[in-house]
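Accompanying notes for the structure given below.
In the numbering used here, the protein residues as written are 748 to 955.
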């Protein structure tokens, strides 16, 4: 039987405010208080894995060991069928850029444009099917862990639409909807997102 998390404090292994907000909203009903790795001053480990599972475990284990608390890491990304599954684990990397003053930053519009440009290079008949993937890795300081995988299939649209959400949300239209993730009310997105799918599996095992 998988170890139970229970209520109490949980470190969310992220420095991304958007992810922390989404994850906190999903766990709050179960009495879990979420603390971000960023607020605790924990470093971001190098994501050297080649799969979402590997990278999620790297982050969860690093936060659990550094904090002495149970930690939850999310590794997620977009896979585009016509691009052979890219950007995949490099989803965030495609948004990275260097400012002239030398500080790193992420430009998600640039990343969305890169995907669109590559699709257009493949012609107007290139399929626009894609999926968001999410892996949640739950790790304890003693080394025990659990993994939960989620998926949200959809299609890509252009130009970007909507101001809610983050990342590639403005160009992702989930199956069965006409709005992009960035046009949906956050409560609606939480029901159908890849993260919600993974969380449903986590909740069923941890709190069911």
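We put the beta carbon where it would ideally sit given N, CA and C, even for glycine. All values derive from a computational prediction rather than experimental measurement.
Ordered list of beta strand (DSSP E) runs contained in the segment 851-891, each at least 3 residues
Listed in chain order, they are 851-853, 876-886.
Compute the Euclidean distance between the alpha carbons of residue 782 and residue 755, then round it to the nearest angstrom.
Distance from the CA of residue 782 to the CA of residue 755, rounded to the nearest whole angstrom, comes to 11 Å.
Check whether the Cβ atoms of residue 945 and residue 892 lie closer than 8 Å to each other.
Not a contact, by the Cβ cut-off of 8 Å.
Do the segment 756-774 and the segment 812-822 touch if we need at least three Cβ pairs shorter than 8 Å?
Judged by Cβ distances under 8 Å, the segment 756-774 makes contact with the segment 812-822, as three or more pairs qualify.
From 791, 886, 803, pick the residue whose C-alpha is nearest to that of residue 953; which is it?
Residue 886 holds the alpha-carbon nearest to the alpha-carbon of residue 953 among 791, 886, 803.
Count the other CB atoms within 10 Å of the CB of residue 938; is the residue buried (16 or more) or exposed (fewer)?
Exposed.
Decide if residue 751 is buried, meaning its Cβ has at least 16 other Cβ atoms within 10 Å, or exposed.
Exposed, since its Cβ has fewer than 16 Cβ neighbours within 10 Å.
Using the three-state DSSP reduction, which class does residue 846 fall into: helix, strand or coil?
Confidence in residue 846 is poor, its pLDDT being 49 and thus under 50, which makes the residue's placement too unreliable to answer from.
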